[in-house]
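In the UniProt record's numbering, the protein residues as written are 1 to 548.
Structural data, given as structure tokens:
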């Protein structure tokens with residue numbers, strides 16, 4: 001019999017609907033009867049007892065909200081009767097005991113990655129174009145079009161063919177129907193590559209580098225240096241205008257500070273020192289091509305799973321995120337940590353309500369206090385402009401059952417598993433300690449993935465219940481769906497389906513092992529995530545202002 005409802009934690013006073021439930025239905029759970037006072041859509045919650053104004057609402061075993069007025073037993077939780085609330089948090093001496101999962105199935109396993117001279121291992125082999133300022137974006141676009149098409153990295157040929165079909169139909173006076181859409185072929189990003197060991201040429205177009213504040217330019221410089229130093233990047237071409245705030249020397253200083261022994265091919269071009277736009281672009285293409293011939297000599301080699309750095313992210317979340325995909329990814333995280341690998345959990349606005357649990361799991365007092373300081377300052381900055389972490393849930397989140405930020409956040413924190421927190425990193429700081437690391441980023445999908453890659457993630461697991469195409473230029477991003485319906489509807493962007501957890505067909509542990517198996521294949525280049533296939537190279541630097 002298919003389970004229709006779920007109580008996540010023994011201390012909860014709400015039940016989650018796994019299917020649509022009708023008003024007037026009698027639901028029996030653990031020997032108790034609940035007569036539904038409203039229609040309850042799948043992913044939403046109803047109350048297990050009468051609630052009065054001010055009563056705490058518990059989910060995942062923690063405070064996630066407070067009742068705003070009387071709500072009858074069996075009533076629907078919604079934005080009218082429930083407001084965000086979370087417990088205060090503080091540092092306290094706490095001995096956390098972690099029971100690591102059984103990893104015997106994965107012990108001794110390897111992935112085929114690109115071993116760098118500093119000992120880190122990439123899951124991809126990219127050449128990276130970096131503009132120091134937005135003025136160079138056009139030149140990057142010109143270079144991208146030239147190189148992507150000629151070297152076999154373009155994925156838009158099918159749409160060019162379709163546009164050509166429409167043009168010909170128009171010229172011939174034919175009907176401009178969509179009849180031929182179904183005949184579009186799939187781009188093959190591997191078969192036609194000139195350089196078989198170069199997985200892509202990536203471009204970090206952005207809107208910064210001048211104007212704004214000097215702090216913006218300084219943070220951007222550190223971010224760009226982090227991407228140049230990334231283990232998935234084998235060579236770099238930098239384009240600069242010349243007069244901008246973010247000077248080439250600033251970038252070089254940050255790169256040297258981050259990687260004193262940086263030894264990748266690095267070409268720098270400054271437009272105000274060039275004779276013409278044509279000379280600049282041609283020389284950048286020529287030198288990059290020569291560099292590509294060199295990095296094409298690097299081949300994949302076996303490396304232990306402990307060399308993987310896994311970023312975990314959620315976006316377009318729904319009411320199933322915290323009970324299927326996120327805990328499954330969390331189990332994957334625990335497996336990797338137990339194998340000696342590194343996991344990066346970020347999105348600080350989406351850890352609201354889970355702070356005390358994470359503080360208690362942090363091994364080092366200094367790191368714990370750093371987490372408290374970053375969280376407190378971030379939320380205060382948001383409140384200073386009339387916002388706050390409580391405003392994080394989007395309309396789509398709320399529509400699909402994430403009524404408060406604490407509900408969203410406590411479910412989101414499940415991606416980090418249960419292992420101890422080894423370190424806490426501010427934005428762009430590199431992960432240097434194996435195990436679970438907390439990384440300060442916004443919750444915004446692209447700002448968060450941009451930040452995870454800057455801290456060294458070589459793969460990102462991205463869970464979604466509503467569907468999002470987000471990717472990253474240098475870090476393969478794997479989409480994990482919370483439910484079967486999404487996988488069926490948006491299969492062109494989904495890589496892994498956790499719907500079997502909701503249907504009772506797989507356990508969290510089984511799903512977590514499946515996800516790790518996929519990660520090993522993706523890290524080895526044996527399977528290409530959909531975001532990579534689509535060249536979904538999203539990159540948004542965080543200006544350190546308020547962004548939830």
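Beta carbons: idealized from backbone N, C-alpha and C, even for Gly.
- In the three-state DSSP reduction, residue 484 falls in the helix class (H, G or I).
- Excluding residues up to 5 positions away in sequence, 152 lie with their Cβ nearer than 6 Å to the Cβ of residue 193 in the same chain.
- As a beta-bridge residue in DSSP terms, residue 269 pairs with 239.
- Residue 363 carries a coil assignment under DSSP once its states are collapsed to helix, strand and coil.
- A straight line joining the alpha-carbon of residue 66 with that of residue 39 spans about 21 Å.
- Between the segment 468-480 and the segment 516-525 there are three or more inter-stretch CB-CB distances shorter than 8 Å, so the stretches are counted as touching.
- The alpha carbon of residue 500 has as its nearest neighbour, out of 492, 487, 217, the alpha carbon of 487.
- Taking 3 residues as the minimum length, the beta strand (DSSP E) runs contained wholly in the segment 450-504 are 459-464, 477-481, in order along the chain.
- In this structure, DSSP gives residue 38 a state outside helix and strand, which the three-state scheme calls coil.
- For residue 384, the three-state secondary structure derived from DSSP is helix.
- Our two residues, residue 523 and residue 267, have alpha carbons roughly 28 Å apart in a direct line.
- Annotated three-state conformation of residue 60 is coil, per DSSP.
- Under the 8 Å Cβ criterion, the segment 396-416 counts as touching the segment 77-95, having at least three qualifying pairs.
- Counting every other CB atom within 10 Å of its CB across the protein chains shown gives residue 412 a total of 16 or more, marking it as buried.
- The straight-line gap separating the alpha-carbon atoms of residue 62 and residue 87 is approximately 8 Å.
- Rounded to the nearest whole angstrom, the C-alpha separation of residue 537 and residue 154 is 13 Å.
- If you ignore the 5 residues before and after residue 432, its C-beta comes within less than 8 Å of the C-beta of 423, all in its own chain and listed in chain order.
- In this structure, 111 is the residue among 176, 240, 111 with its C-alpha nearest to the C-alpha of residue 308.
- For residue 348, no alpha helix (DSSP H) run applies, since DSSP gives it neither H nor E.
- Straight across, the Cα-Cα distance linking residue 130 with residue 496 is about 32 Å.
- Residue 115 is positioned such that its CB atom lies no closer than 9 Å to that of residue 327.
- Between residue 468 and residue 330, the C-beta spacing is not below 9 Å.
- Rounded to whole angstroms, the Cβ separation of residue 205 and residue 140 is 6 Å, and the two are in contact under 8 Å.
- One Cα belongs to residue 16, the other to residue 6, and the distance between them is close to 5 Å.
- In the DSSP assignment, no residue is bridged to residue 510.
- DSSP places residue 213 outside both helix and strand once states are collapsed to three, so it counts as coil.
- With a cutoff of 9 Å on beta-carbon distance, residue 94 and residue 360 are scored as near each other.
- Residue 203 is bridged by DSSP to 129.
- The beta carbon of residue 281 is closer than 7 Å to those of 139, 142, 143 in its chain, skipping five residues each way along the sequence.
- Between residue 531 and residue 472, the CB-CB gap stays under 9 Å.
- In the three-state reduction of the DSSP assignment, residue 156 falls in the coil class, being assigned neither a helical nor a strand state.
- Cα atoms of residue 156 and residue 470: separation of roughly 17 Å, rounded to the nearest angstrom.
- Around the beta carbon of residue 365, a 10 Å sphere encloses fewer than 16 other beta carbons of the protein chains shown; the residue is thus reported as exposed.
- Distance from the CA of residue 175 to the CA of residue 166, rounded to the nearest whole angstrom, comes to 9 Å.
- Assignment of residue 46 by DSSP, reduced to helix, strand and coil, places it in the strand class.
- Here the C-alpha atom of residue 22 lies approximately 38 Å from the C-alpha atom of residue 358.
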